[in-house]
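Q: Residue numbers (the numbering used here), protein chains in the order written: chain A, 1 to 337; chain B, 1 to 263; chain C, 1 to 310.
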């Protein structure tokens, strides 16, 4: 399978994707879902503010209601009570289909329309919005390239001719087609193999940095949450918010026992993977030893020392000593609190 | 897997862009069937024109009578199939909507009863009550044949992966748009299979038209049977088979044309 | 002692008399019940009530006299039943003189008296190795029925009246077999000068015709003369002024082989036909068609009432 790296694609287009709508703030106020004939709420008074342009990850064990909560935002599941405000507008009662045409929706099962070509699948929302055919065609090509699929090769194929990973890329392209401000993603990479998944995650992170949509991302995989989230909401039963903060905050200071047990072991070490070396002070001059880029993390530096380095060069800026690393670590912990 | 032969067409409606030669290759059996039907018909016509007919056989074995019988039979078959389609497909769609799902068991029971009735008895009672002739024959035949299409419509719609439908709703389709653009196209193959079964069924049942002044090929079969004139009986039977084959061919052609690509 | 021996003799004589007497009675009773013992036949019939009832009469008669019967009545179509007998599927069934004359022997002359027709038919069937038992007096011919009300309204007394006095486009209902028969629809129309343009022909199932004529969906219905429903539904049959239909007297037919195998059977069955008059046949038919009685029951009660079975 020919795979175009995302950055290569972006560079060919001379920079960012044209006319991107940046994200809007989402306020969820006391969203509740109670199914008939059940003893307790599936989701109980869920309140959260998702800042504009950020990717917020809902993480939690199976059955905690995270997917239900997400699906209430575009009212695929109608809330029993509560308010949804997007970009300052109360959308709790607007006609559902209108609301959804402005929200991108990607689900774990992908759900491409098997009887339509890839191009027609991606063109779904623009068609519903009545875009002009040439505009739609251009947009479809643009998006397919964005997710790494050559439009001239894949555009006229049918979903069953694509692999799982390719199908999910199409799913993402389809969600972005009408350039919505908000994106809802429910375990979108769950149906792919681990190698493809990591690749998709990294691509998505890069994409999100460019597009700055407001994304609500649901996963049960904490590592994925750490990788993709600007903020993480750790949820427990009935979607109770155990903690809502940046990845660093959650790793360094888990608020409750539930968060602790969810985060799992070696939180401190994993934290090191979140901080880049760009902010660490170094001694001047380069020495004999390994070199790491500015974008490398404290964790990679630690690895270097564990495997025997006496000092590590940071790009061309200078070199890092072990003591300096220790200092960077403790100030990170202090800063996180 | 079919490879795109033409430049990728990225607008909607890329279903029908196929070259003629490819169509022939893929549908070879559809071309052969009507040829066979033609051969059978011509063969029958020739042997009838050569046969020595006695007084009784001459009444039914003549061009006018046979053409009339075939014409009536086609009218009965197509008309009852049309009635069935007009009732069963909307009913099937309705019964798969959330609000009306609970009526499904009772409707299926009613449709089943239609199949279990002794056909001639019901036909005659209906004729006595509502008047003999083609209309009552058509409606009675429709009642007998409603089950396959109704069942296939329901199953065809129920079989669709619910996440595809959820996707459609998530994109912002209204329920009606999802039905028209997603559900029905995906259910078409199963529904059409039901249509084909129904058409063959109505061709068979339409032979009963002879009992209620509805005409049809039964007007050859019954006298042939009762008066022990094999030629008449076999002619009636063969013509019924030829009509059934023709219906089968038409339905399969429709299936091929209307099947969405990609599934 | 002498008194005692008188008494003994008297008692002994009385007992002996009683024993002999009862033996005699039981012998005569057994004689009736075993006259046809050893007979094992298959009885068939056509698919309409009269044919079925007649065959059930024969069946119950044989059984009452100790014989064995396999019941294969209610076979669809005249010719099919005849074929069944000739091929051995059944041994006997009741046929009509007119039908045999026209359909099997392929004759066309219909201006013959019932008795003469019978003789000709019997002679003609010798080649086919079919034996005819004596015929009934009733003539179950094809007939046209019209409601009594319409008959009065249009002054209908004969078939010619039907042809001439009814309004244009009146519906004549026939059964599909009648349309194809040489003694059927086409010939009748020609004989009585009826043109297709003046009437409407409807083809219905035989049973439906009676009700449809009563209801008015048919002005004239093709019926059978001895059918019980004619009277029951208020219909009447005008007179056949121009003779078109041949006589249709009924008689039991069986293969020569069967007749040879059971000569006692032929002799025993012979008197049955004479006991069935027009009125009797209509009555028996009505009990089945109108009152819904079971044909075997009706047959049995006829046999008892007529004294054929004691």
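A virtual CB, placed ideally from N, CA and C, is assigned to each residue, including glycine. Predicted model only: the values in this text are computed from it and were never measured.
How long is the line joining the alpha carbons of residue 170 of chain C and residue 200 of chain C, rounded to whole angstroms?
A: Numbered from its first residue, the third chain carries residue 170 of chain C at position 170. Numbered from its first residue, the third chain carries residue 200 of chain C at position 200. Roughly 6 angstroms separates the two Cα atoms.
Q: Spell out whether any CB of chain B is found under 9 angstroms from the CB atom of residue 167 of chain A.
A: To locate residue 167 of chain A, count along the first chain from 1; it is residue 167. Chain B contact via Cβ: absent.
Q: For a cutoff of 9 angstroms on Cβ pairs, would you count residue 180 of chain C as touching chain B?
A: The residue given as residue 180 of chain C occupies position 180 in the third chain. Taking Cβ atoms only, chain B reaches closer than 9 angstroms to residue 180 of chain C, which makes this a yes.
Q: Is it a yes or a no for the stretch 77 to 92 of chain B touching the stretch 163 to 179 of chain B, going by three-plus beta-carbon pairs under 8 angstroms?
A: Short answer: they don't touch.
Q: Quick one: which chain B residues come within Cβ less than 8 angstroms of residue 105 of chain A?
A: Position 105 of the first chain holds residue 105 of chain A. The answer, in chain order, is 167, 170, 171.
Q: Do residue 218 of chain A and residue 66 of chain A have their C-beta atoms closer together than 9 angstroms?
A: Here the question's residue 218 of chain A lines up with position 218 in the first chain. Here the question's residue 66 of chain A lines up with position 66 in the first chain. Contact: yes.
Q: What is the C-beta distance between residue 212 of chain C and residue 173 of chain C, in whole angstroms, given that I count them as a contact (C-beta under 8 angstroms)?
A: Walking along the third chain from the start, residue 212 of chain C turns up at place 212. Walking along the third chain from the start, residue 173 of chain C turns up at place 173. Correct: roughly 6 angstroms between the Cβ atoms.
Q: Just to check my reading of the structure: residue 299 of chain C and residue 56 of chain C have Cβ atoms closer than 8 angstroms, yes? What is that Cβ distance to the nearest angstrom?
A: Stepping through the third chain from its first residue, residue 299 of chain C is reached at position 299. Stepping through the third chain from its first residue, residue 56 of chain C is reached at position 56. With 8 angstroms as the limit, residue 299 of chain C and residue 56 of chain C qualify as a contact, their Cβ atoms being about 4 angstroms apart.
Q: Using the DSSP secondary-structure output, state which residues sit across from residue 137 of chain C in a beta bridge.
A: Here the question's residue 137 of chain C lines up with position 137 in the third chain. Paired residue(s): none; residue 137 of chain C is not in a bridge.
Q: Within its chain, find whatever has a CB closer than 7 angstroms to the CB of residue 141 of chain B; leave out the 5 residues flanking it on each side and keep chain order.
A: Position 141 of the second chain, counted from the start, is the residue given in the question as residue 141 of chain B. Around residue 141 of chain B: 76, 80, 202, 205, 206.
Q: Does the distance from the C-beta atom of residue 159 of chain B to that of residue 122 of chain B stay below 9 angstroms?
A: Reading the second chain from its first residue, position 159 is the one you call residue 159 of chain B. Reading the second chain from its first residue, position 122 is the one you call residue 122 of chain B. Not a contact, by the Cβ cut-off of 9 angstroms.
Q: Report the partner residues of residue 221 of chain C according to the DSSP bridge assignment.
A: Position 221 of the third chain, counted from the first residue, corresponds to residue 221 of chain C. DSSP output for residue 221 of chain C lists C:145, C:173 as bridge partner(s).
Q: Does the beta carbon of residue 96 of chain A sit closer than 9 angstroms to a beta carbon anywhere in chain B?
A: For the purposes of this step, residue 96 of chain A is taken as residue 96 along the first chain, with counting starting at 1. Yes, contact with chain B.
Q: Assign residue 72 of chain C to one of three DSSP states: helix, strand, or coil.
A: Taking the first residue of the third chain as position 1, residue 72 of chain C is located at position 72. Strand.
Q: Assuming residue 119 of chain B contacts residue 146 of chain B (C-beta within less than 8 angstroms), just tell me the rounded distance between them.
A: Along the second chain, one-based indexing puts residue 119 of chain B at 119. Along the second chain, one-based indexing puts residue 146 of chain B at 146. 13 angstroms between Cβ atoms; not a contact.
Q: In chain A, which residues lie less than 8 angstroms from residue 156 of chain B when you measure between Cβ atoms?
A: As a working mapping, residue 156 of chain B is identified with position 156 in the second chain. Simply none; closest approach about 13 angstroms.
Q: Just curious, the alpha helix (DSSP H) that residue 249 of chain B is in, first and last residue?
A: Against the second chain, residue 249 of chain B aligns to sequence position 249. Element bounds for residue 249 of chain B: 230 to 258.
Q: When you compare the CB of residue 125 of chain A with every CB in chain B, is at least one pair closer than 9 angstroms?
A: Counting from 1 along the first chain, the entry for residue 125 of chain A is found at position 125. It does; some Cβ of chain B falls within 9 angstroms.
Q: Suppose you measure from the CA of residue 319 of chain A to the CA of residue 267 of chain A; what does that come to, to the nearest Å?
A: Taking the first residue of the first chain as 1, we reach residue 319 of chain A at position 319. Taking the first residue of the first chain as 1, we reach residue 267 of chain A at position 267. Taking the straight line from one Cα to the other gives about 27 angstroms.
Q: If you draw a straight line from the alpha carbon of residue 257 of chain B to that of residue 249 of chain B, how long is it in whole angstroms?
A: Working through the second chain from its first residue, we reach residue 257 of chain B at position 257. Working through the second chain from its first residue, we reach residue 249 of chain B at position 249. When rounded, the distance between both Cα atoms is 12 angstroms.
Q: Is it buried or exposed, residue 71 of chain B, if we count other Cβ atoms within 10 angstroms and call 16 or more buried?
A: In the second chain, residue 71 of chain B corresponds to position 71, counting from 1. So residue 71 of chain B counts as exposed.
Q: Bridge partners of residue 142 of chain A, per DSSP?
A: By 1-based counting over the first chain, the position of residue 142 of chain A is 142. Paired residue(s): none; residue 142 of chain A is not in a bridge.
Q: With the cut-off set at 9 angstroms, would you say residue 52 of chain C and residue 138 of chain C are in Cβ contact?
A: Here residue 52 of chain C refers to the residue found at position 52 when the third chain is read from its first residue. Here residue 138 of chain C refers to the residue found at position 138 when the third chain is read from its first residue. Going by C-beta atoms, residue 52 of chain C is not nearer than 9 angstroms to residue 138 of chain C.
Q: Helix, strand or coil: how does DSSP classify residue 318 of chain A here?
A: Reading the first chain from its first residue, position 318 is the one you call residue 318 of chain A. DSSP places residue 318 of chain A in strand when its eight states are reduced to three.
Q: Per DSSP, what are the beta-bridge partners of residue 236 of chain C in this structure?
A: Numbered from 1 along the third chain, position 236 holds the residue referred to as residue 236 of chain C. Its beta-bridge partners are C:146.
Q: Looking only at DSSP bridge pairs, what is residue 183 of chain A linked to?
A: In the first chain, the residue the question calls residue 183 of chain A occupies position 183. Answer is A:104, A:215, bridged to residue 183 of chain A.
Q: Answer yes or no: do residue 265 of chain C and residue 41 of chain C have a C-beta to C-beta separation smaller than 9 angstroms?
A: Here the question's residue 265 of chain C lines up with position 265 in the third chain. Here the question's residue 41 of chain C lines up with position 41 in the third chain. Yes, they are a contact pair.
Q: Taking 6 angstroms as the limit between beta carbons, can you name the residues of its chain near residue 322 of chain A, skipping five residues before and five after?
A: Here residue 322 of chain A refers to the residue found at position 322 of the first chain. Closer than 6 angstroms at the Cβ level, and outside the excluded window around residue 322 of chain A, lie 305.
Q: Nearest to residue 163 of chain C by alpha carbon, out of C:183, C:93, C:198?
A: Within the third chain, residue 163 of chain C is the residue found at index 163, counting from 1. Looking at the Cα atoms, C:198 is the closest of the given residues.
Q: Helix, strand or coil, according to DSSP, for residue 12 of chain B in the structure here?
A: For this step, residue 12 of chain B is matched to residue 12 along the second chain. Here the model assigns residue 12 of chain B a pLDDT of 41, short of 50, so the residue's position is not dependable, and the following value carries that caveat. Coil.
Q: Which residues in the same chain have their Cβ closer than 8 angstroms to the Cβ of residue 149 of chain C, if we skip the five residues on either side of it in sequence?
A: Locating residue 149 of chain C in the third chain gives position 149, where the first residue counts as 1. Cβ neighbours of residue 149 of chain C beyond the five flanking positions: 234.
Q: Compare the C-beta of residue 112 of chain A against all C-beta atoms of chain B and say whether one is closer than 9 angstroms.
A: Counting from one through the first chain, the residue named residue 112 of chain A turns up at place 112. Chain B, which has a Cβ nearer than 9 angstroms to the Cβ of residue 112 of chain A, makes this yes.
Q: From residue 45 of chain A to residue 228 of chain A, what distance separates their C-alpha atoms?
A: On the first chain, position 45 is the one that residue 45 of chain A refers to. On the first chain, position 228 is the one that residue 228 of chain A refers to. Rounded to whole angstroms, residue 45 of chain A to residue 228 of chain A spans 26 angstroms at the Cα level.
Q: Check whether the stretch 185 to 194 of chain C and the stretch 239 to 246 of chain C are in contact - that is, three or more C-beta pairs closer than 8 angstroms.
A: Touching, yes, given that three or more Cβ pairs across the two stretches are closer than 8 angstroms.
Q: Taking only beta-carbon atoms, is residue 203 of chain C less than 9 angstroms away from chain B?
A: Taking the first residue of the third chain as position 1, residue 203 of chain C is located at position 203. Yes, contact with chain B.
Q: Would residue 213 of chain A and residue 88 of chain A be called neighbours here (beta carbons separated by less than 9 angstroms)?
A: Here residue 213 of chain A is taken as the residue at index 213 of the first chain, counted from 1. Here residue 88 of chain A is taken as the residue at index 88 of the first chain, counted from 1. Result no, Cβ atoms of residue 213 of chain A and residue 88 of chain A do not sit closer than 9 angstroms.
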